[in-house]
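Just below is one structure, and these are the notes that go with it.
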Amino acid sequence: MVIGTLYGLVGAIELVAPDLLGNIGWLVFGRIRTVHTNLVVFGFLTPALLSVGHFVVPRLLRTQLFSEKLGIFIVCLWNVIVAAIFITLSIGLSQGREYAEAIWEIDILVAIAFALIFINMIMTIRNRQEPLLYVSVWYITAGIILTLIVYAIGNVIWVPGAGALTGIPDAVILWFYGHNVLGLLLTPLAVGIAYYVIPSATRTPLYSHTLSLAGFWSLLVLYSHIGTHHLIQVPAPTWLKVVSIVGSIGMVIPVMIVLINFWYTVKGKMRTIHENIGAKFVFTGTVFYLFTCIQGPIQALPQVQRLTHFSNWVVAHAHMGILGFSGMVAIGGIYFILPKMTGRSIYSKTLAEFQYWMILIGLVGFMVVLTTVGLVQGNSWLNGETIYRILPQIHNYNIVRAGLGVLIVTGAIIGLYNMVRSIFFNLGETA
Amino acid sequence: MNLKMTPTAVVLGGIVILAVIVFGVVYWPWATRIEQPSAIFRHRSAEEEKGRLIYIANGCVNCHTQSIRLVDWGLGAERIAQAGDYVADRPILLGSVRTGPDLSQEGGEHPDDWHVAHFINPRYTRPNSIMPAWEFLGNEKIRLLTRYVQGLGLKMADRRLERQKFWKKKSIKAYEAGPEKNVQWLHSQVPEGWRKIPNPYPTTKAGLVRGHKIYQDFCIGCHGPVGDGMGLAQPWIYPPPLNFTILKGRGASGGILYYKIMNGITGTAMPYFKRELESQKIWEVGDYIAVNFIDESDADQEPKGIDAAWEP
Ligand code: HEM
Ligand code: HEM
């Protein structure tokens, strides 16, 4: 149906991204890490979430996607972008700004892609047969248009060469952007998809429309302005830090609203979630959303950051949010819509279950190990121990972490196999 | 609640909110930014700028912060960052994970030859390092990178680098005058009180084992497994790492060894270890060298004053 080809990309990248980390022997780690973060965010999560979005939106509006051709063009464009990001960063063409490393030419392509996606979406919405816009549609539409703006601003695309401002304002704008890649791209897309999958899997109407509204608007207001919580210990303006810390604590509101809405919808229907592997992934994602967003406000407090900032504690948080929440929802979304697209059940439920547990175990292990390392680092630094002295202390943890990474990679490879089989070579029963 | 969610409401509402926020937390900080350079600010030289581009291209920022905080003790903590230090940084390279040390004040910490050996392979000068080896960049790029890191800290770095250059000349002169003169010169730089102090700890098996471990973790890359100065870093370092065997019969007391290990020898690649090693560790690695490589130790000599409570 809509954008089947996206999956090839999605799966492939899903495999590539963690796979690269097989190089965790720190082989030119400086570049590997940049490639890793960019591929998981722009190569795996963004296209996966968008592709599910492209399925969900027309379906909720009881119409066709405005232009299939445009859709396919965007997929090709996005593939080119991801390949270009991969190549440029690997050969060392980087702007050196976290999550905004891609060079100017690629920035422009990304902006164009988002503009096209937006056009496609908004035209689909105008052609709709269903007068009411469902919550998922709000989130997905808002996510796309706001990301377009945030991306352009954050990458400082009016300065082609460096793609950066100068001094502290550059840090402020970078983290405004970096934070909103999570807050206005990954989070709304993932929440939007969960809003579709959860009621649909449980065959239950959403618990509360009012909560949906409150959650949506408070997310936009709160998430978008707290980027400076990445800069609490930097000589940035104090008022800005205060605003971001208060906003971070306030983030509990949209998160809890959304989760209450989800979980009350599911209440008494957990069985249906267990029975559907897609819904299971998505539901797990919402649980990790809770964990991430309890941790988030806490680590935005200056007293806590004394201990956690710059350490692997934050890396644990990042994997929990990016893989545990957005990643789980993205994989679940795909598993959920696959049968609806192909008209057949997924190739193997067992493999999907296996993938689920591999990723879950790997991820929880990551969280434990990285958080522990973060605490070791943070406490040692506060005690005046040098970085070099701590290296042997965290060495063993890094080995365990790499081992857990193997689980996640295995899960990803299995997932890719399963999805490809489901789409192309699936002789299974019709669902 | 009867708020109707039309497409216009979603799109326009979103854009309006974002516009307000961009104005508040992006434009406003920019409009009120501090462009006043700080006291230590100077512009980077053309070579330093080139080195900076190599730093960006290779993702050094993924492991190194340039952001010293109130709570820091480690490398660079002699200055807490000020906004005026960054006014020429485009992009700013604060970093978000501190896998390696903060480099805000790296300039002049070491002489150039230390950096070259370290970039070729960090394990040469730092046996436990997990920093990648950059030999593949080639000599020219390593030279430019070295220029960049030697400029980190701006005017404060310049002052330290002057010091390195000044003592580099002296140490080369002493080295080229032969072992006898070199050792004499090295020891004449140690304050007299220190020269007379013997190692206050007795030589014990346990102490030597600990000293051995410290030697392996910190010194082996330069001074070599048998203390002859032929570690892996040796080809890049001049004056080359000291061959400890030449110290025999030339009056190397425990105090001299301690003083040198603690403070390093500015101008040579010999780093200071007072940040990494506490007192007992320095005495014990000193005694390890004395016993194993120099083959004469003054450990545990009289008079020692009141007997220490902790002693085997
Ligand atoms: C209530 C919501 C959240 C709050 C208040 C929050 C807060 C924070 C804070 C304060 C930091 C910086 C920590 C430091 O540098 O010391 C951070 C980092 C991060 N957060 Fe969150 N977080 C939240 C939710 C999320 C979610 C949902 C995701 C993923 C989709 C996420 C992904 C990340 C990532 C990737 C980083 C690391 C950025 C980097 O340094 O590269 N966070 N978060
Ligand atoms: C095989 C599994 C994986 C391994 C071994 C792995 C390993 C790593 C490593 C070593 C880092 C660098 C941390 C540092 O600088 O100290 C990192 C960062 C990161 N990874 Fe992964 N990762 C894996 C899977 C994933 C997946 C699947 C995602 C997203 C879906 C992801 C998202 C991220 C993000 C956002 C960061 C940046 C964190 C930060 O700046 O705080 N990773 N990962």
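First to last, the sequence lines map onto chains A and B.
Add 1018 to the 1-based position in the first sequence for my numbering, that's all there is to it.
Add 9 to the 1-based position in the second sequence for my numbering, that's all there is to it.
No residue lacks a Cβ here, since even glycine has one placed at the ideal position from N, Cα and C.
Residues in its own chain within less than 8 Å of residue i by CB, not counting five upstream and five downstream?
i	result
N1436(A)	I1364, Y1365, S1366, L1369, A1370, Q1373
N1198(A)	L1164, T1165, V1168, G1172, Y1241, S1242, G1245
V1322(A)	I1316
Skipping 5 residues on each side, what residues in its chain have a beta carbon closer than 6 Å to that of residue i?
i	result
R51(B)	L163, K164
K150(B)	I63
Y224(B)	V294, Y297
I1387(A)	The residue asked about is misnamed: residue 1387(A) is Val in this sequence, not Ile. So the qualifying residues of the chain are Y1415, V1418, R1419.
F1241(A)	Position check: residue 1241(A) holds Tyr in this sequence, whereas Phe was assumed. Cβ neighbours of Y1241(A) beyond the five flanking positions: G1201.
S1453(A)	No information on residue 1453(A) is available, as it lies outside the stretch 1019 to 1449 that chain A covers here.
L1356(A)	I1364, S1440
K1285(A)	none
G1296(A)	G1350, Y1353, F1354
I1042(A)	With a pLDDT of 46 at I1042(A), under the threshold of 50, the modelled position of that residue is not reliable, and the figure given next carries that caveat. Result list for I1042(A): A1420, in chain order.
V1391(A)	N1330, I1412, Y1415
Could you give the DSSP three-state label for residue i: helix, strand or coil?
i	result
R1289(A)	helix
R156(B)	helix
R1419(A)	helix
R1362(A)	strand
D307(B)	coil
C72(B)	coil
Y210(B)	coil
I963(A)	Outside the shown range of chain A, which is 1019 to 1449, sits residue 963(A), and nothing can be said about it.
P16(B)	helix
R132(B)	helix
I63(B)	helix
L21(B)	helix
F1073(A)	helix
A1030(A)	A caution first: A1030(A) carries a pLDDT of 41, below 50, which makes its placement in the model unreliable, though a value can still be read off. Note: A1030(A) maps to helix in three-state DSSP.
H119(B)	coil
N301(B)	helix
D167(B)	helix
W319(B)	coil
M1376(A)	helix
G264(B)	helix
H52(B)	coil
So, under 8 Å CB-CB, residue i and residue j are touching, yes? Tell me the CB distance rounded to an integer number of Å.
i	j	result
A308(B)	P207(B)	7 Å
W176(B)	A183(B)	The pair is not a contact, with the Cβ atoms about 10 Å apart (cut-off 8 Å).
G104(B)	S76(B)	7 Å
V1190(A)	P38(B)	5 Å
E1148(A)	R1221(A)	Contact flag wrong, Cβ pair sits at about 18 Å.
G85(B)	Q45(B)	So it is not a contact: roughly 22 Å between Cβ atoms.
C231(B)	G240(B)	4 Å
L1425(A)	M1385(A)	Rounded, the Cβ-Cβ distance is 13 Å, inconsistent with contact.
Can you list, in chain order, the residues of its chain with a C-beta nearer than 7 Å to that of residue i? Leave out the 5 residues immediately preceding and following it.
i	result
P188(B)	I255
P131(B)	S138, M140, A142
D304(B)	K257
L1083(A)	V1020, H1072, P1076, G1089, N1138, T1142
T1389(A)	W1331, A1334
W1044(A)	Confidence in W1044(A) is poor, its pLDDT being 47 and thus under 50, which makes the residue's placement unreliable; the coordinate value appears in the next sentence. None.
Fill in: Positions along the stretch 20–35 of chain B whose CB lies within less than 8 Å of some CB in chain A
For the stretch 20–35 of chain B, which is checked against every Cβ of chain A, the residues closer than 8 Å are V20, G22, G23, I24, I26, L27, I30, V31, G33, V34, V35.
Worksheet item: Going along the stretch 1236–1266 of chain A in order, which residues come within less than 8 Å of chain B, judged by CB to CB distance?
Response: Hits within the stretch, in order: L1238, V1239, S1242, H1243, G1245, T1246, H1248, L1249, Q1251, V1252, P1253, A1254, P1255, L1258, V1261, S1262.
Discussion item. Beta carbons nearer than 9 Å to chain A: which residues of the stretch 283–300 of chain B have them?
Written reply: Along the stretch 283–300 of chain B, going in chain order, the ones with a CB nearer than 9 Å to a CB of chain A are R284, E285, L286.
Worksheet entry | Near-chain B residues of the stretch 1095–1116 of chain A - C-beta to any C-beta below 8 Å | Within the stretch 1095–1116 of chain A, the residues whose Cβ lies closer than 8 Å to some Cβ of chain B are G1110, L1111, S1112, Q1113, G1114, R1115, E1116, listed in chain order.
Discussion item. I'd like to know if the stretch 1230–1249 of chain A and the stretch 1202–1210 of chain A are in contact, where contact means that at least 3 CB-CB pairs between them fall below 8 Å.
Written reply: By the Cβ criterion, the stretch 1230–1249 of chain A is in contact with the stretch 1202–1210 of chain A, since at least three pairs of Cβ atoms, one from each stretch, lie closer than 8 Å.
Worksheet item: Quick check: the stretch 90–101 of chain B against the stretch 42–56 of chain B, are there 3 or more CB pairs under 8 Å?
Response: In this structure the stretch 90–101 of chain B touches the stretch 42–56 of chain B; the number of beta carbon pairs closer than 8 Å is three or more.
Worksheet item: Within the chosen definition, does the stretch 1184–1197 of chain A reach the stretch 98–114 of chain B through at least 3 CB pairs nearer than 8 Å?
Response: Counting Cβ pairs under 8 Å, three or more are found: they touch.
Practice prompt. Please determine if the stretch 1089–1107 of chain A and the stretch 1165–1175 of chain A are in contact, where contact requires at least 3 C-beta pairs separated by less than 8 Å.
Written response: With a cut-off of 8 Å, the stretch 1165–1175 of chain A and the stretch 1089–1107 of chain A do not count as touching, because too few Cβ pairs lie within range.
Discussion item. Count Cβ pairs between the stretch 1216–1227 of chain A and the stretch 1281–1301 of chain A that sit closer than 8 Å; are there 3 or more?
Written reply: Contact between the stretch 1216–1227 of chain A and the stretch 1281–1301 of chain A is present, because at least three Cβ pairs lie under 8 Å.
Item to complete: For the stretch 1399–1425 of chain A, enumerate the residues whose C-beta is nearer than 9 Å to any C-beta of chain B, in chain order.
Response: So the close ones are W1399, L1400, N1401, G1402, E1403, T1404, I1405, Y1406, R1407, L1409, P1410, H1413, N1416.
Worksheet item: So, do the stretch 199–219 of chain B and the stretch 256–270 of chain B have three or more beta carbon pairs nearer to each other than 8 Å?
Response: Result yes; three or more Cβ-Cβ pairs closer than 8 Å.
Discussion item. Please identify, using Cβ separations under 7 Å, the residues of the stretch 251–277 of chain B that lie next to chain A, in order along the chain.
Written reply: Correct list: empty, as no residue qualifies.
Practice prompt. Residues of the stretch 1155–1168 of chain A with a CB closer than 7 Å to any CB of chain B: list them in chain order, please.
Written response: If the cut-off is 7 Å between Cβ atoms, the stretch 1155–1168 of chain A has W1156, T1159, A1160, I1163, L1164, I1167 near chain B.
Discussion item. Please list, in chain order, the residues of the stretch 1308–1325 of chain A that have any C-beta partner in chain B closer than 7 Å.
Written reply: Within the stretch 1308–1325 of chain A, the residues whose Cβ lies closer than 7 Å to some Cβ of chain B are R1324, listed in chain order.
Practice prompt. Decide if the stretch 119–136 of chain B is in contact with the stretch 1135–1142 of chain A; the criterion is three or more beta carbon pairs, one per stretch, under 8 Å apart.
Written response: Inter-segment contact for the stretch 119–136 of chain B and the stretch 1135–1142 of chain A is absent: fewer than three beta-carbon pairs are separated by less than 8 Å.
Practice prompt. Could you name the residues of the stretch 1201–1229 of chain A whose beta carbon sits closer than 9 Å to any beta carbon of chain B, in the order they occur along the chain?
Written response: Listed in chain order, the positions of the stretch 1201–1229 of chain A with a beta carbon within less than 9 Å of a beta carbon of chain B are L1202, H1227, T1228.
Worksheet item: the stretch 152–163 of chain B: which residues have C-beta closer than 7 Å to a C-beta of chain A, in chain order?
Response: Hits within the stretch: zero.
Worksheet item: Just checking, does the stretch 1113–1124 of chain A make contact with the stretch 1054–1070 of chain A on the three C-beta pairs under 8 Å criterion?
Response: Note that the stretch 1113–1124 of chain A touches the stretch 1054–1070 of chain A; at least 3 beta-carbon pairs, one per stretch, sit closer than 8 Å.
Discussion item. Counting only Cβ-Cβ distances shorter than 8 Å, please list the residues of the stretch 1182–1196 of chain A near chain B, keeping chain order.
Written reply: Contacts with chain B (Cβ-Cβ distance below 8 Å) from the stretch 1182–1196 of chain A involve A1182, L1183, T1184, G1185, I1186, P1187, D1188, A1189, V1190, I1191, L1192, F1194, listed in chain order.
Worksheet item: Between the stretch 1130–1155 of chain A and chain B, which residues of the former have CB atoms less than 7 Å from a CB of the latter, in chain order?
Response: For the stretch 1130–1155 of chain A, which is checked against every Cβ of chain B, the residues closer than 7 Å are I1140, I1143, L1151.
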